[in-house]
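So the sequence lines, in the order shown, correspond to chains A and B.
My numbering numbers the first residue of the first sequence as 6 and each following residue consecutively.
My numbering numbers the first residue of the second sequence as 1445 and each following residue consecutively.
The C-beta atom is built at its ideal place from N, Cα and C for all residues, glycine as well.
These figures come from a predicted structure and were not determined experimentally.
Below you'll find the structure, written out as structure tokens, and then a few comments.
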Amino acid sequence: MAATRFTKMAYSSADEIVFGTAKSPVSYGFGIKVGAGRVIPELNYGPRPGTEKDPARLKKEYVDYISKDALLRAVTLGFPDLQLETEWISQMGNKKFSTPVVEGQKEITEKFHNEYGICTAVRQTLPDQREAEEGLRPGMKGKHLYPEALFGCAEVACENGADLLSCETMGGKELADHAVTTGDVVAFLYGVGYLGAIDMEYVWSEFANIAKKSKTTLGGDTNCSGANTSMFMAGGMLDQDVQKTFSAVTRAISAARTIVAMECGATGPDKDCGYEGPIIKTITGRPAAQEGKNCQCAHADLQGNLMAQICDVWSNESVEYHPEFGGSSVQCWLGSLGYEVALMNCAIATGNEKTLRDLYMITDRTRGPEGYMLAFDNAYKVGEAIAKEGKNIYLRAKAAGLTAAKVVKAGNEAKELGLTTKQRDVLNNIIKELEALPAEEAKFFEYCDKKYADVPNYTKKNYGL
Amino acid sequence: MVSPKGVDYSKILTRYDIKAQNEASPEAIAAKMLPKDPVLKKVAETVVWMKFKDVGPATTEALKTKDPLAIINDGLVVGMEVVAKLYADHIYYLPEIMMAAKTMEIGIALAEKKIAGGRETKGLVVMHVAEGDPHDIGKNIAKVMLTSTGYSVVDMGKDVYVDDVVAEVVKSKPMMVTGTALMTTTMTAFPRAAEKLRAKGIGIPFMSAGGAVNRDFSESFDLGIYSEKAPQTPPIADKIKAGYDWRKVRAEWDEIVGGV
């Protein structure tokens, strides 16, 4: 399936976008309706180390302990919906490990739905273990045959009952890593914005073909391997190995890449850890899964409240299964998550959703450049830049980066957003570098292919070029 | 819509990054540390200012009058020490470290060719990312930090089988082996590798690090020591070179990495 590009905005203004409602709602699982006027909590978890040693132990961990604990707590606390997300561990590349987990989770979520009426679903998120040095596409004969394994995983998930299929694809990572560690925004644009988009089209077209057979809903992707690496290395107030202005621009570029899943048939909700989600929702109108304040079990970031502003699914990112004072970790974090979702749904029910949205956004608007750029009014501007150049994957990614940089610069000049001298210097340099790039895709490719020829593991063959 | 205009953000958050920024100029700090000798100073400056196109000509020029070892230790390495100081003072950040290290490596490669038998490094470290784990950015940064402080590295890459790690350690006899993992279900390879090393009578420290790894886990198996972030790796390696075994590194870990 070829990608159908987005060239128009789904919303006529930024103010139209709010949490819990999407232009194109999606239904799946046992009664789950996303983007239809109610935010859904999504719980993600990791099994305890050691449980990956054999299939029976792993199934017991995921189904009998984690899923059951979570479903019981959801009913205990009166939550109307619960979506589980299983991000497959590497061992689940072997279907002896993955099949019982997928089947078991389907069974237990159905059981709770039938018994209590709670709406349930399971998102199965595949592991993309492809390595650039071994080849990113089937037939490239790498030692581990990871590309073949990726599509094999999709078959297993769909055939055995996944309600929602997602993946964190890794295309362009070899250049993204180089970009983040050396502060090279052009390398990021090339690796994630351009090559990443090409890889996404290949992978998600295949996923669409596979999911069609079982009518499995395709969720979406995230640039976890690129923009999140950038964001986490930019870190908090005291961690500045990567400048936060650089991270803000890489996030915007990643939106032009992550949207490709939806151009190939994904309906959303996309992946929670894709902080580029607000930009994508402005363009596509499809439901967004996000994470922030209630994912402190997994990581800290500078936009914990803001990320809730337009979400349709609200997630805890991931928590390792272990005991806490208040129950198991999944129960405790579901409590935190579910009550936040209840607050959002209360705001919707009382007609106050835009007020709560604005408060979420204002709380973190100036905590850092990335949050500032992702504030829904600014995310809308980046979305417009992408849609305007929507037909060309290079031009739209460049436009996203440049618009984001200029939005941040304008915020600083208006004295709304503070920047350190270094953050400002890096930002000005980014604008200069992006503006100097050629206007034609072919020239950009030729320039980058030569410039980054020595980046470890980079080869254009991985992208069919 | 609740407008953000006119909001007093100081009542909501504190931008400690802006409050803490160091406005000192790198030129002023470098001036105090750069070599006095004009030839070596020129070499060192190429590292400090990350001029990787100039380091070759500067090193080649210096080789006409200076001992190659002096060019490395009193020129290139001094330049990197300035960079480390700028990094510690929050004036330089990761990209500058990476670019300066690349510059230094170009110069060292040129100078080393003139040293009979090659240059002796501070020690050898074997590095890898756990089996099943493709996340190698942390390992790559730690590698640069080790090589730029005088260690040599065997980089086994990512997704490395336990038995391959053990075989490499047996073959190259390093002073330390490191493993990184982003996932809790891949880090379990580290105690398995350490156990196999012990079975072969090898007792070198096994540093484990990465997003999933914490100090408790790293110290839950014999040989295991912890590194929370890449810049902590060189000071720990320095202690191992000074004769610390894994037990002593554990006992003094807080002091060793203090402030890093």
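Own chain residues within Cβ distance below 8 Å of residue i, not counting five before or after
{"i": "V161 (chain A)", "result": "K100, S103, T104 and V107"}
{"i": "M1542 (chain B)", "result": "I1585 and V1588"}
{"i": "I435 (chain A)", "result": "V190, T250, F251, V254, G406 and A410"}
{"i": "D246 (chain A)", "result": "M238, A239 and G240"}
{"i": "P1635 (chain B)", "result": "S1664, F1665 and G1668"}
Chain A residues whose Cβ lies nearer than 8 Å to that of residue i
{"i": "K1602 (chain B)", "result": "E136"}
{"i": "D1608 (chain B)", "result": "Ordered by position in chain A, no residue passes the 8 Å Cβ test against D1608 (chain B), which lies about 11 Å from the chain."}
Any non-hydrogen atom of the ligand SAM within 6 Å of residue i CB
{"i": "P374 (chain A)", "result": "As presented, the structure is devoid of all ligands, the ligand SAM included, so that no description of it is given."}
Nonlocal neighbours in the same chain, by C-beta distance under 7 Å from residue i, ignoring five residues either side
{"i": "E92 (chain A)", "result": "N49, T130 and S323"}
{"i": "G343 (chain A)", "result": "P46, A79, L82 and F84"}
{"i": "E268 (chain A)", "result": "A8, T9, R10 and F11"}
{"i": "P443 (chain A)", "result": "F449 and Y452"}
{"i": "D204 (chain A)", "result": "L141, T174, G176, G177 and Y468"}
{"i": "K1640 (chain B)", "result": "V1606 and V1610"}
{"i": "I1559 (chain B)", "result": "P1512 and L1513"}
{"i": "S1596 (chain B)", "result": "T1565 and L1568"}
{"i": "M366 (chain A)", "result": "L311, Q314, A380 and F381"}
{"i": "P60 (chain A)", "result": "K101, F102 and P105"}
Assumed close pair residue i, residue j - CB separation to whole angstroms, cut-off 8 Å
{"i": "A27 (chain A)", "j": "G290 (chain A)", "result": "6 Å"}
{"i": "V460 (chain A)", "j": "Q248 (chain A)", "result": "About 21 Å; that fails the 8 Å criterion."}
{"i": "T1565 (chain B)", "j": "G1594 (chain B)", "result": "6 Å"}
{"i": "A384 (chain A)", "j": "T287 (chain A)", "result": "6 Å"}
{"i": "C172 (chain A)", "j": "C229 (chain A)", "result": "That belief does not hold up - the Cβ atoms of C172 (chain A) and C229 (chain A) are roughly 10 Å apart, past 8 Å."}
{"i": "E164 (chain A)", "j": "R128 (chain A)", "result": "Not quite, the Cβ-Cβ distance comes to about 16 Å (not below 8 Å), so this is no contact."}
{"i": "Q96 (chain A)", "j": "Y67 (chain A)", "result": "Q96 (chain A) to Y67 (chain A), Cβ: 12 Å. No contact."}
{"i": "Q301 (chain A)", "j": "A313 (chain A)", "result": "Contact doesn't hold; Cβ gap of about 14 Å is too wide."}
{"i": "G98 (chain A)", "j": "A154 (chain A)", "result": "5 Å"}
{"i": "T1591 (chain B)", "j": "A1545 (chain B)", "result": "7 Å"}
{"i": "K386 (chain A)", "j": "V412 (chain A)", "result": "6 Å"}
{"i": "P143 (chain A)", "j": "P152 (chain A)", "result": "5 Å"}
{"i": "L170 (chain A)", "j": "T125 (chain A)", "result": "Actually they do not touch by this definition, with Cβ atoms about 16 Å apart."}
Listed by chain order, chain B residues near residue i by CB distance under 9 Å
{"i": "K455 (chain A)", "result": "None at all; the shortest Cβ gap to chain B is about 16 Å."}
{"i": "D20 (chain A)", "result": "M1445"}
{"i": "T250 (chain A)", "result": "Here the premise fails: no neighbours, minimum Cβ distance about 11 Å."}
{"i": "M236 (chain A)", "result": "Per Cβ cutoff of 9 Å: no residues; M236 (chain A) is ~13 Å from chain B at best."}
{"i": "T187 (chain A)", "result": "L1538, P1539, M1542, M1543 and K1546"}
{"i": "M242 (chain A)", "result": "T1458, R1459, Y1460, D1461, I1462, K1463 and A1464"}
Cross-chain neighbours of residue i in chain A, by beta carbon under 9 Å
{"i": "I1590 (chain B)", "result": "It should be noted that the sequence gives Leu, not Ile, for residue 1590 (chain B). Residues of chain A passing the Cβ test: none, with the nearest at roughly 15 Å."}
{"i": "T1632 (chain B)", "result": "P54, G55, E57 and K58"}
{"i": "L1520 (chain B)", "result": "By Cβ distance, chain A contributes nothing, its closest Cβ being about 19 Å from L1520 (chain B), past 9 Å."}
Chain-ordered neighbours of residue i on chain B, where CB pairs are closer than 8 Å
{"i": "Q245 (chain A)", "result": "D1461, H1534 and Y1537"}
{"i": "Q314 (chain A)", "result": "By Cβ distance, chain B contributes nothing, its closest Cβ being about 12 Å from Q314 (chain A), past 8 Å."}
{"i": "D182 (chain A)", "result": "D1580, I1581 and N1584"}
{"i": "Q96 (chain A)", "result": "G1576 and T1629"}
{"i": "M175 (chain A)", "result": "P1578"}
{"i": "G51 (chain A)", "result": "M1627, T1628 and T1629"}
Proximal residues of chain B, C-beta to C-beta of residue i below 7 Å
{"i": "E325 (chain A)", "result": "T1628"}
{"i": "T425 (chain A)", "result": "D1461, I1462 and Q1465"}
{"i": "M378 (chain A)", "result": "In chain order: nothing, as chain B lies at least about 14 Å away."}
{"i": "M267 (chain A)", "result": "Result: empty, since nearest Cβ-Cβ is about 25 Å, beyond 7 Å."}
Spatial neighbours of residue i in its chain, beta-carbon cut-off 6 Å, leaving aside the 5 residues before and after
{"i": "S341 (chain A)", "result": "N299"}
{"i": "R1563 (chain B)", "result": "E1556"}
{"i": "I1462 (chain B)", "result": "none"}
{"i": "A232 (chain A)", "result": "T255, R256 and S259"}
{"i": "R43 (chain A)", "result": "G25 and N350"}
{"i": "H1572 (chain B)", "result": "M1600, V1604, V1609 and G1623"}
Under 7 Å by beta carbon: chain A residues contacting residue i
{"i": "V1451 (chain B)", "result": "I367"}
{"i": "P1679 (chain B)", "result": "Going along chain A, no residue has its Cβ under 7 Å from P1679 (chain B), so there is no contact; the nearest lies around 17 Å."}
{"i": "I1456 (chain B)", "result": "T368"}
{"i": "P1448 (chain B)", "result": "I367 and R370"}
Cutoff 7 Å: residue i Cβ touching any chain E Cβ
{"i": "S210 (chain A)", "result": "You won't find chain E in this structure, because its protein chains are A and B."}
**Q.** alpha helix (DSSP H) segments (min. 4 residues) lying fully within the segment 1600 to 1632 of chain B
**A.** Positions of the alpha helix (DSSP H) runs, each at least 4 residues long and wholly inside the segment 1600 to 1632 of chain B, are given as 1606 to 1616 in order along the chain.
Q | Selection of the segment 359 to 371 of chain A by Cβ proximity to chain B, strictly under 8 Å | A | Result list: K359, T360, D363, L364, M366, I367, T368, D369, R370 and T371.
**Q.** Continuous alpha helix (DSSP H) assignments of at least 4 residues falling wholly in the segment 1463 to 1519 of chain B
**A.** 1470 to 1477, 1482 to 1492, 1499 to 1507 and 1512 to 1515
Q: Taking only beta carbons into account, state which residues of the segment 212 to 227 of chain A come closer than 9 Å to chain B, listed in chain order.
A: none
Q. Going along the chain, which unbroken runs of the alpha helix (DSSP H) with 4 or more residues stay wholly within the segment 247 to 311 of chain A?
A. As far as the segment 247 to 311 of chain A is concerned, its whole alpha helix (DSSP H) runs of at least 4 residues are 249 to 263, 265 to 268 and 282 to 289.
Q: Return the residues of the segment 12 to 41 of chain A that lie within a Cβ-Cβ distance of less than 7 Å from chain B, sorted by chain order.
A: Residues of the segment 12 to 41 of chain A with a Cβ closer than 7 Å to any Cβ of chain B, in chain order: D20.
Q: Enumerate, from N- to C-terminal direction, the unbroken beta strand (DSSP E) stretches of 3 or more residues contained entirely within the segment 1524 to 1601 of chain B.
A: 1568 to 1573 and 1596 to 1599
Q | Complete beta strand (DSSP E) runs within the segment 1662 to 1686 of chain B (minimum length 3 residues, chain order) | A | 1668 to 1670
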